[in-house]
Amino acid sequence: MIDLPGYQKVEGIEVSYIQISQSDDFKKVTTFIKPFLPKTGGVSEDGCYVITPQGEKLYAVVYHSDIEGWRKQIEQGAEQLGLLTGKISKNNIELSDGRIYALSDCKIEFY
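Numbering of the sequence shown is given in the UniProt record's numbering, commencing with residue 1 and proceeding in unit increments.
Encoded structure:
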């Protein structure tokens, strides 16, 4: 679990999980909100996804510098597009719709 993006907090970066189906969706979510909310920094896929017991696949994305701006950009973009977001909290993944799953009940894949 320790290698799971977002499991251990790292100063200066944050990890979110987004329900996307392909790389095009990543760009769509991270650029959907206009005007652009983050003032500095960047965002990238982090080479991992979590599949919930219900079958939702959420990809890890990592962002830095303007953490709050990026968090809002991603959460608002995903919400507008009808996609879930998630955060790792202890041994769980907490989804934007309020569901919480134990990571041990999820499938974790690295690519």
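For each residue, glycine too, the CB sits at the ideal point set by N, CA and C. Small disclaimer: the values here were computed from a predicted structure and weren't measured.
- Task: Going by DSSP, name the residue or residues bridged to Leu83.
- Result: Paired residues: none, contrary to the question.
Q | Contact set for Gln80: own chain, Cβ-Cβ below 8 Å, skip 5 residues either direction | A | Phe32, Ile33
How close, in whole Å, do the beta carbons of Ile93 and Cys106 come, if the pair is a contact with beta carbons under 8 Å? 6 Å
Cys48 - containing beta strand (DSSP E), residue span: 43-51
| said: Applying the 10 Å Cβ sphere with the 16-neighbour rule, what's the burial state of Ser16? | reply: buried
Hey, how far is the Cα of Trp49 from the Cα of Thr40? The amino acid at residue 49 is misidentified as Trp; the sequence shows Tyr. One C-alpha to the other measures close to 26 Å.
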